[in-house]
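Taking it in order: structure first as structure tokens, then the write-up.
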Amino acid sequence: MISYSHLTAQGSGQGAGSGGGSGASIAGVVRYLEAMRQDGPVAEAERGAAAMGYYQGRAAPSMWLGAGAAELGLSGAVDGAALAELLSGCLPDGTDLSGRGNRTGSRRLGHDLTISTPKSVSILALAGGDARLLAAHDQAVQVAAGEVERLMVVARRGKAGAVVERTGRMVAAAYRHEDSRPVDGVADPQLHTHLVIANMTRRSDGVWSAASLDFGARNEILHMLDVVYKAELGKRVAELGYGIERTRDGFEIAGLTREQIAAFSRRTAEIDRTLAAGGLDREVASAAQRVRANVSTRLEKGQPGEVEQRYGWRARAREVGLDLDRARSAALERARSGLDRGGAVERDAVGPDHEMEMAREAVAGAARHLGERASVFSEAELVREALLAGLGRVGSAAVTRAIGERAGGLVAGTDERRGLVFTTRDALETERLVLDVVRSGRGTAKPVAEPGAIAQVLERQERDQGLVFTAGQSEAVRFALGSADRHVGIVGAAGSGKTRALAAIAEAYREVGYEIVGLAPSAAAARELGQAGCDLTQTLEAGLRRPAAEVGGVTPGARLCLYVLDEAGMVSARDMDRLMRRAEAEGARTLLVGDPRQLASVEAGSPFQQLLETGALRHVRMDEVQRQRDPALREIVQLFARGDAAGAVRAAQPYMAMVEKDRLALTAATTYLGLTPAERADTLVLAGTNRMREAVNAEIRSGLRQRGELDRDELTVQALDKANLTREQAKRPHAYEPGMVVVFSRELKDGRRLVAARGSQWTVAGQAGDHVMLRPLAAPAGGAGAREIAWRPSGEMATAYHVRALALAEGERVVFRENDRARGVSNGMGGVVTRLDRARGEALVRSDAGAELRIGADRAQAIDHGYCRTIHSSQGATVDRAIVVGEAGRVATAQTAYVAASRERSVLHIITDDRDKLSAAWSRWAERQTARSLLAREAEREMPLSDISRERARQKTFEQARQRAAELAKAREVAGEKQAEVQKQLERTRDRGMAMGR
1 MISYSHLTAQ GSGQGAGSGG GSGASIAGVV RYLEAMRQDG PVAEAERGAA
51 AMGYYQGRAA PSMWLGAGAA ELGLSGAVDG AALAELLSGC LPDGTDLSGR
101 GNRTGSRRLG HDLTISTPKS VSILALAGGD ARLLAAHDQA VQVAAGEVER
151 LMVVARRGKA GAVVERTGRM VAAAYRHEDS RPVDGVADPQ LHTHLVIANM
201 TRRSDGVWSA ASLDFGARNE ILHMLDVVYK AELGKRVAEL GYGIERTRDG
251 FEIAGLTREQ IAAFSRRTAE IDRTLAAGGL DREVASAAQR VRANVSTRLE
301 KGQPGEVEQR YGWRARAREV GLDLDRARSA ALERARSGLD RGGAVERDAV
351 GPDHEMEMAR EAVAGAARHL GERASVFSEA ELVREALLAG LGRVGSAAVT
401 RAIGERAGGL VAGTDERRGL VFTTRDALET ERLVLDVVRS GRGTAKPVAE
451 PGAIAQVLER QERDQGLVFT AGQSEAVRFA LGSADRHVGI VGAAGSGKTR
501 ALAAIAEAYR EVGYEIVGLA PSAAAARELG QAGCDLTQTL EAGLRRPAAE
551 VGGVTPGARL CLYVLDEAGM VSARDMDRLM RRAEAEGART LLVGDPRQLA
601 SVEAGSPFQQ LLETGALRHV RMDEVQRQRD PALREIVQLF ARGDAAGAVR
651 AAQPYMAMVE KDRLALTAAT TYLGLTPAER ADTLVLAGTN RMREAVNAEI
701 RSGLRQRGEL DRDELTVQAL DKANLTREQA KRPHAYEPGM VVVFSRELKD
751 GRRLVAARGS QWTVAGQAGD HVMLRPLAAP AGGAGAREIA WRPSGEMATA
801 YHVRALALAE GERVVFREND RARGVSNGMG GVVTRLDRAR GEALVRSDAG
851 AELRIGADRA QAIDHGYCRT IHSSQGATVD RAIVVGEAGR VATAQTAYVA
901 ASRERSVLHI ITDDRDKLSA AWSRWAERQT ARSLLAREAE REMPLSDISR
951 ERARQKTFEQ ARQRAAELAK AREVAGEKQA EVQKQLERTR DRGMAMGR
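Heads up: the sequence shown begins at 1 in full-length UniProt numbering, then just goes up one per residue.
Put into structure tokens, the structure is as follows:
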């Protein structure tokens with residue numbers, strides 16, 4: 001693990017990782033590095049204990065690192081006096097840099113990157129005495145330090161430091177420490193290195209200046225470095241004969257149990273207890289909260305010497321059944337015999353060529369994984385995922401080379417913020433196919449109705465629905481019925497009345513023989529399409545999976561079909577491609593309805609927005625917001641719909657209330673509980689994160705119990721949260737952590753023998769090579785009833801979940817978080833707990849659709865408390881009131897604000913902990929890159945400015961000419977049809993005249 005803190009001469013600061021700043025003096029910092037053992041810089045009060053460290057008078061192992069250090073003539077072991085001079089800003093030649101790049105009273109001395117081994121490596125290296133692991137750690141640190149120098153060390157030059165340069169010249173001192181801070185006077189083995197980077201570097205112009213570290217967008221470079229270190233260490237650990245067991249974010253040495261590792265992790269447990277006392281855990285706590293828990297539990301006490309320390313560690317190992325000598329001897333024997341960690345492959349089979357082959361596979365897999373969530377991804381993200389995929393088998397050099405070879409169909413580009421970025425040829429092809437299908441469908445269909453008939457449709461619908469259509473609704477109906485394009489679009493603002501317009505369109509299509517199939521990304525949106533008069537409504541995924549002949553119940557090609565895709569802005573490039581391919585094969589028409597300013601798909605691509613921006617999809621807009629009854633609320637939504645996020649946020653200020661951060665959940669709950677039960681039934685409480693959603697739910701439940709509206713007698717059941725693995729991750733055995741639940745969507749068979757039934761639930765017990773060991777969910781952990789099966793994941797036939805305890809009481813409001821057709825529920829549907837069956841350990845839940853479900857120990861369900869939901873899951877919903885929790889410190893965008901502020905008809909409450917920060921975040925639209933936009937940007941970089949202008953003008957002229965040609969063709973077609981009708985009338989008149997003459 002890599003954590004970060006910065007060193008300042010006075011005051012304190014907080015870094016990007018789990019470390020913290022320090023106001024210690026330079027002498028105190030150096031003394032700590034040379035002799036102390038604990039993690040983190042020492043403070044003044046700790047100097048007296050510095051000499052009592054593990055090394056007892058001898059300096060901690062150290063080395064100079066970086067090209068900058070080499071240029072200053074620094075090599076070998078670190079000299080403390082020389083380091084002190086560098087931290088003070090003085091070069092060996094006497095040049096003083098202390099005043100450069102420091103604009104505040106707290107001068108930055110440098111940066112401390114603390115690189116820690118997995119706990120099992122520390123145990124076997126230090127308690128087990130395997131010095132080879134110490135060397136492996138040092139080597140992995142040097143590789144990681146090389147990446148820090150290449151990617152992170154930057155300097156500014158030019159006027160006001162406008163030019164940022166990656167210098168590639170780092171001045172760093174690395175000190176290796178070997179234990180943690182003590183708990184009750186006893187330290188744990190904790191091998192870690194402090195990489196102390198002086199605040200100086202040499203620029204390309206030869207000038208020495210202050211340096212800073214670039215952590216990348218969202219700290220992605222720091223996250224990458226963490227995996228670079230683990231990959232290098234894991235590869236070396238495997239070469240030393242140890243087995244590797246994958247964990248969520250790294251590895252541990254095989255053969256050590258969780259309990260044995262925990263016995264040497266008392267410092268971590270102490271910090272976790274401190275977090276838990278504050279209602280937090282390590283997974284959700286912020287960096288600042290972890291730092292506070294760390295600092296608040298630091299205690300310095302007298303410590304034993306080296307021999308006594310090792311003796312204590314070995315005694316503790318025996319107490320937990322860990323034979324250190326046997327583990328080390330077995331690894332030595334495997335290494336000597338030339339076998340790999342599995343004991344089956346000769347060493348020469350894992351040579352450079354084989355490593356490169358594995359690296360190419362790892363990079364291709366990483367590109368597939370990242371490409372499922374984003375069309376464009378950074379070099380840092382790609383390196384990190386590739387190293388995680390090949391952990392223990394490939395190193396960073398091989399991965400870097402494979403990326404240079406463009407393994408996996410990579411296509412490179414650059415980004416001003418993120419540097420080198422990539423897309424893939426598959427992503428480019430997917431986007432191209434969607435654009436081509438839509439463009440090729442222009443002018444190839446017959447209008448459903450003529451202008452006169454369309455007017456009649458509008459009149460009839462207004463009469464039947466008892467309303468007057470807005471101009472946008474009327475235009476949408478005219479366009480959808482009068483267009484000769486097979487694929488058309490309607491861009492509808494939130495609350496603009498799309499359902500009413502769609503009902504008129506669907507009826508007119510049905511009258512001329514079309515079957516209307518409504519599709520939407522979510523079950524809730526699909527249900528809304530049922531009100532628009534569609535013959536069949538499904539989620540998009542269900543519709544695409546069903547065989548073509550079953551979609552409408554008739555044979556493909558023998559029917560006229562219109563696919564109405566609602567919430568098209570939330571559809572990924574992959575799914576849009578699948579839909580367009582299907583429509584093309586069936587000769588079907590499509591009507592894409594959505595709003596690109598609202599939330600996009602969690603998967604890669606923004607095809608609806610791309611179709612609109614490129615002009616490929618001809619469309620109309622419905623901008624008149626109808627949902628909000630209050631003109632002031634309507635104006636907020638109207639401004640968001642027009643793209644004026646800043647104006648919308650200004651208009652929303654009167655609806656914002658500011659409270660302390662730790663009172664956000666309570667305030668939201670109090671506001672909700674202040675409503676009558678009838679009002680609550682038509683109210684949405686919205687949160688930006690799952691963590692806040694859970695906190696608000698907990699506060700509401702507490703309030704309901706206090707009021708007596710919720711039974712205090714509870715039953716705890718197992719609830720499932722989808723692990724959200726990508727399709728690529730779902731193929732990897734190490735992605736399935738012990739304790740997760742796997743639910744099979746298809747039968748698992750061994751030949752003709754049924755191994756696991758469809759819908760059966762299994763607990764992950766562990767991994768065995770490329771298989772995952774599964775145990776029936778209801779089976780006891782161990783014993784005769786714990787039947788296990790070995791399953792090789794393919795990514796297609798099962799879904800993985802995290803399981804958690806969920807307390808339910810009678811009268812509890814719950815929400816189903818997954819479609820379950822067999823049980824008659826859909827994702828987003830609500831329900832109520834009607835009874836607790838304690839004898840069977842089950843809760844009986846009645847869904848809003850009337851389905852009765854049993855949820856208990858032998859059957860887990862994807863459910864949760866149903867009082868608060870996330871903003872993302874609320875898109876498409878309409879209620880009378882909305883209570884929005886706006887966390888200023890969380891990632892928020894104008895898209896989330898638009899959705900959150902447009903759900904209500906009458907009342908809006910926005911609760912935040914920082915009005916200014918939230919307003920700034922809500923005023924920014926999040927840009928989502930497409931694969932083709934990356935290529936277009938690269939082409940512009942290669943083109944002279946005058947050529948760019950000409951090319952844009954040429955494209956605009958070409959598009960205008962193409963549009964005029966299409967309009968002319970349409971006019972000719974209409975004129976021809978009118979002429980044909982006149983001719984028919986003349987013929988009918990002539991025929992009648994001839995008949996009368998006879």
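Heads up, the beta-carbon is just placed ideally off N, CA and C, and yes, glycines get one too. The structure presented is a predicted model; accordingly, all values stated were derived computationally and were not measured.
- In the structure shown, D711 falls within a coil segment according to DSSP collapsed to helix, strand and coil.
- If you ignore the 5 residues before and after A407, its C-beta comes within less than 6 Å of the C-beta of R360, V363 and A364, all in its own chain and listed in chain order.
- Counting only residues of its own chain and dropping the five nearest sequence neighbours on each side, E679 has a CB closer than 8 Å to the CB of D880 and R881.
- Within its own chain, the residues whose Cβ lies closer than 7 Å to the Cβ of G856, once the five positions on either side in sequence are excluded, are V717, R840, G841, E842 and A843, listed in chain order.
- When rounded, the separation of the alpha-carbon atoms in L391 and D179 is 25 Å.
- Look at K722 here: in three-state DSSP terms it is strand.
- Judged by DSSP secondary structure, M580 falls outside any beta strand (DSSP E) and instead within the alpha helix (DSSP H) spanning A573 to E586.
- By the 16-neighbour rule on beta-carbons within 10 angstroms, T676 is exposed.
- Sequence-distant partners of G395 (beyond 5 residues in either direction) whose C-beta falls short of 7 Å from its own C-beta, in its chain, are A231, E232 and K235.
- Excluding five sequence positions before and after A798, the CB atoms of its chain that fall closer than 7 Å to its own CB belong to V742, V743, F744 and S745, given in chain order.
- Residue pairing of E515 in beta bridges, as defined by DSSP: C561.
- Residue range A471 to G482 is occupied by the alpha helix (DSSP H) that includes S474.
- Sixteen is the threshold: when 16 or more other Cβ atoms of the shown chains lie within 10 Å of the Cβ of T8, as they do, the residue is buried.
- In terms of Cβ geometry, E515 and D535 form a close pair [threshold 8 Å].
- L774 is a Cβ neighbour of E788, given a cutoff of 8 Å.
- By the 16-neighbour rule on beta-carbons within 10 angstroms, L715 is buried.
- Within a 10 Å sphere around the beta-carbon of S919 sit 16 or more other beta-carbons, which makes this residue buried.
- The Cβ-Cβ distance between M224 and A380 falls below 8 Å.
- The continuous stretches of beta strand (DSSP E) do not include V171, and DSSP gives it neither H nor E.
- Bridge pairing for G886: T912 [DSSP].
- The stretch 159-176 makes no contact with the stretch 409-416: fewer than 3 CB pairs, one atom from each, lie closer than 8 Å.
- Looking at the backbone, the Cα of A145 and that of E747 are separated by about 49 Å.
- Taking all protein chains shown into account, Q653 has fewer than 16 neighbouring C-beta atoms within 10 Å of its C-beta and is therefore exposed.
- Counting every other CB atom within 10 Å of its CB across the protein chains shown gives T430 a total of 16 or more, marking it as buried.
- Q767 counts as buried, since at least 16 other C-beta atoms from the protein chains shown sit within 10 angstroms of its C-beta.
- Look at the stretch 65-129 and you find these whole runs of beta strand (DSSP E), each 3 residues long or longer: 108-116.
- DSSP places M224 within a helical segment (H, G or I) once states are collapsed to three.
- The shortest C-alpha to C-alpha distance from E85 to any of R393, V891, A172 and A366 is the one to A172.
- For L410, the uninterrupted beta strand (DSSP E) segment begins and ends at L410 to D415.
- Going by DSSP, V457 is part of no beta strand (DSSP E) but of the alpha helix (DSSP H) stretching over P451 to Q465.
- Sequence-distant Cβ neighbours of L256 in its own chain, meaning closer than 6 Å and more than five residues away, are S120.
- For L686, the enclosing beta strand (DSSP E) begins and ends at T683 to A687.
- Counting along the chain, no beta strand (DSSP E) covers P352; the unbroken alpha helix (DSSP H) around it starts and ends at P352 to R373.
- Our two residues, P189 and L725, have alpha carbons roughly 34 Å apart in a direct line.
- Closest option to A331, judged by alpha-carbon separation, among A493, A651 and G129: G129.
- Under DSSP, G856 shares a beta bridge with E842 and R859.
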